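In UniProt numbering, the protein residues as written are 1 to 269. Okay, structure first, notes after.
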Amino acid sequence: MKLNYSLQSGDDHLDGQNSSPAVILIHGMFGSLSNLGVLARSLVADYQVISVDLRNHGDSPHELAMDLPLMAADIVELMDDLGLARATLIGHSLGGKVAMQVALNNPDRVSELVVIDIAPVTYGARQDAALDALNLLAEHTIESRRDADALISEHIAETSVRAFLLKNLSRNPEGDFRLKLNLASINQNYSSTLVLAPTGQHYEGPTLFLKGEHSAYIQEKHRSVIEQLFPHSQLEVVADTAHWLHAEKPETVNALIRAFIETKTLTKS
């Protein structure tokens with residue numbers, strides 16, 4: 001699948017060649033390529049930064065099939081199209097699982113791996129208030145973002161979470177708002193294929209796991225499987241944050257990621 005993406009770089013040349021290392025940013029569930037924008041801006045001076053919309057998200061194509069191997073193959077296809085032999089992969093939540101799947105299936109294509117607040121495990125299926133809210137939006141004709149916000153406020157109390165979900169709205173030719181997400185696929189796969197663990201032998205490359213202190217997505221019981229699949233990994237806990245640590249403490253998260261990438265790059269050179 002040909003994913004929608006944006007490419008930013010501070011090292012563009014007149015001949016179209018770019019010597020900067022490539023970094024691919026992969027958003028989480030219900031997100032889009034803009035979600036890791038603060039991180040992108042912190043890296044762009046020294047790296048080619050490719051931000052992607054996962055399948056069934058943002059402006060990428062829709063397809064009913066949706067699982068980690070397919071989404072990992074989408075990332076590899078994008079790398080092929082861009083002529084990237086290797087790249088650093090950075091993924092948050094579902095994007096972290098996709099990044100891990102790429103590394104486990106195609107270790108030679110991944111320079112370094114950064115996984116933000118997700119573990120390589122199967123999570124229990126659960127009812128999700130965010131998905132309920134999005135399905136509610138899909139059932140109604142939405143004429144304004146204010147109406148949409150009011151509609152989902154009973155499901156989602158946090159203003160910031162509602163604002164994140166409403167980024168999926170765009171105007172149709174008739175002037176109403178529609179969701180860019182492929183909810184048919186997400187509803188079908190949300191509690192089945194998308195909760196599964198990434199699969200493969202192991203990835204020997206350098207790996208950084210970032211955990212929000214108050215998030216339960218990475219737990220002590222996950223440490224053994226992390227060490228088995230990613231033997232050269234390290235874990236950093238970002239204090240006073242939850243699952244959206246890159247939005248809650250962007251300067252801290254950005255500094256940790258830059259230090260990790262730069263240290264590993266110097267070690268290899």
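Beta carbons are placed, not taken as given, at the ideal position from N, Cα and C, and that holds for glycine. Only a predicted model underlies this, so the values are computations on that prediction, with no experimental measurement involved.
Counting along the chain, where does the beta strand (DSSP E) carrying residue i start and finish?
i, result
"G91", "87-92"
"A216", "Counting along the chain, A216 falls outside any beta strand (DSSP E), and DSSP gives it neither H nor E."
"V238", "233-238"
"V76", "Run containing V76: none in the beta strand (DSSP E); it sits in the alpha helix (DSSP H), 68-82."
"F230", "Run containing F230: none; DSSP gives neither H nor E here."
"K2", "K2 -> no beta strand (DSSP E), and no H or E assigned at all."
"S170", "169-171"
Whose C-alpha, out of the options, is nearest the C-alpha of residue i?
i, options, result
"V237", "Q48, R171, Q219, S60", "Q219"
"Q234", "D81, K211, A103, W244", "K211"
"G10", "A73, E154, Q48", "Q48"
"T88", "L25, S6, A197, Y190", "L25"
"L68", "H214, L196, F209, L245", "L196"
"N187", "E213, H155, L179, N135", "N135"
"A34", "D81, H62, H92, N106", "Going by the sequence as given, residue 34 is Ser instead of Ala. Closest option to S34, Cα to Cα, is H92."
"L137", "A119, I118, S170", "S170"
"S20", "L39, K2, I50", "I50"
"A85", "N4, L94, L104, D108", "D108"
"S60", "K180, S160, A157, A119", "K180"
"A72", "V44, N105, R41", "N105"
"V98", "D80, V76, E139", "V76"
"Y217", "S6, V121, A22", "V121"
"N254", "Y5, R41, S224, S32", "R41"
"A119", "K167, I261, H27, V225", "V225"
"R126", "L70, H62, Q228, S191", "S191"
"Q8", "G31, D147, V44", "V44"
The alpha helix (DSSP H) with residue i in it runs from where to where?
i, result
"R178", "First-last for R178: 177-179, but that is the beta strand (DSSP E), not the alpha helix (DSSP H)."
"T159", "159-166"
"S185", "183-189"
"E112", "Run containing E112: none in the alpha helix (DSSP H); it sits in the beta strand (DSSP E), 110-116."
"residue 313", "Past the edges of the chain, shown from 1 to 269, lies residue 313, and the structure says nothing about it."
Grouping DSSP H, G and I as helix and E and B as strand, with all else coil, what is residue i?
i, result
"G37", "helix"
"I24", "strand"
"G95", "helix"
"R258", "helix"
"I142", "strand"
"L14", "For L14, the pLDDT reaches just 38, beneath the cut-off of 50, and the residue's location in the model is therefore unreliable, although a value from the coordinates is still provided. Of the three classes helix, strand and coil, the one that applies to L14 here is coil, per DSSP."
"H44", "The question names His, yet the displayed sequence has Val at residue 44. Three-state result, V44: coil."
"Q201", "coil"
"R223", "helix"
"V52", "strand"
"A242", "coil"
"L104", "helix"
"T122", "coil"
"S269", "With a pLDDT of 48 at S269, under the threshold of 50, the predicted position of this residue should be treated as unreliable, and no value is reported."
"L210", "strand"
"L194", "helix"
"L7", "strand"
"E154", "coil"
"D132", "helix"
"L64", "coil"
"E174", "coil"
Buried or exposed for residue i, please, with buried defined as at least 16 other CB atoms from any protein chain shown within 10 angstroms of its CB.
i, result
"P173", "exposed"
"Q101", "buried"
"D74", "buried"
"A65", "exposed"
"G83", "exposed"
"H140", "exposed"
"S144", "exposed"
"R55", "buried"
"residue 316", "The first residue shown for the chain is 1 and the last is 269, placing residue 316 beyond what the model contains."
"Y5", "buried"
"R162", "buried"
"D53", "buried"
"A148", "buried"
Within this structure, are the beta carbons of residue i and residue j separated by less than 8 angstroms?
i, j, result
"I152", "F177", "no"
"E248", "T241", "yes"
"G175", "S111", "no"
"T199", "F230", "no"
"M1", "L94", "no"
"L245", "D117", "yes"
"A184", "H155", "no"
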